[in-house]
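In our numbering, the protein residues as written are 3 to 116.
All C-beta atoms in this analysis are idealised placements derived from N, C-alpha and C, irrespective of residue type, glycine included.
For clarity, every value in this text was computed on a predicted model and none was experimentally measured.
First the structure, in the form of structure tokens, and then the observations on it.
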């Protein structure tokens with residue numbers, strides 16, 4: 003994989019941490035996101051330590067969030083959550099994390115999204 007320079011924030015939400023990207027900085031093709039997220043977190047790592055990325059070897063700190071302006075008139079931001087597997091090259095977009103959801107409002111304010 004070639005290296006990419008992407009701005010990101012390492013943010014805490016409750017007992018969880020995540021690498022947070024602006025949607026505008028990621029490829030429009032979401033099929034390209036998995037490879038970026040796996041590299042950022044350091045997965046897959048057969049030893050479960052994620053030393054080559056920002057993950058911490060456990061699910062509570064192997065998370066990615068993507069935030070951008072809302073595509074709907076009744077919301078301020080759009081938010082996508084991704085759970086990155088530690089030992090497998092898998093990214094799950096079907097889950098959510100309440101801890102990180104609660105951090106996205108402050109993130110959006112800090113980043114000037116509204």
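DSSP state of residue i mapped onto helix, strand, coil
i: residue 58; result: coil
i: residue 4; result: coil
i: residue 84; result: strand
Nearest neighbour of residue i, chosen from the options [CA to CA]
i: residue 9; options: 74, 80, 69 and 60; result: 69
i: residue 41; options: 88, 106 and 95; result: 88
i: residue 91; options: 22, 64 and 11; result: 64
i: residue 59; options: 44, 94, 97 and 79; result: 44
i: residue 72; options: 99, 26 and 96; result: 26
i: residue 24; options: 79, 101, 96 and 36; result: 79
i: residue 94; options: 61, 7, 54 and 53; result: 61
Through-space distance from residue j to residue i, alpha-carbon basis
i: residue 56; j: residue 109; result: 18 angstroms
i: residue 112; j: residue 13; result: 11 angstroms
i: residue 115; j: residue 75; result: 14 angstroms
i: residue 98; j: residue 31; result: 21 angstroms
i: residue 47; j: residue 103; result: 26 angstroms
i: residue 37; j: residue 5; result: 11 angstroms
i: residue 28; j: residue 34; result: 9 angstroms
i: residue 107; j: residue 7; result: 25 angstroms
Short Cβ contact (8 angstroms threshold) for residue i with residue j
i: residue 105; j: residue 15; result: yes
i: residue 119; j: residue 39; result: Here the chain has residues from 3 to 116 only, and residue 119 is not among them.
Residue i CB to nearest heavy atom of the ligand ZN below 7 angstroms
i: residue 26; result: No copy of the ligand ZN occurs in the structure displayed, which carries no ligand at all.
Given 8 angstroms, three or more beta-carbon pairs between the stretch 69-84 and the stretch 16-33
Yes, the stretch 69-84 touches the stretch 16-33.
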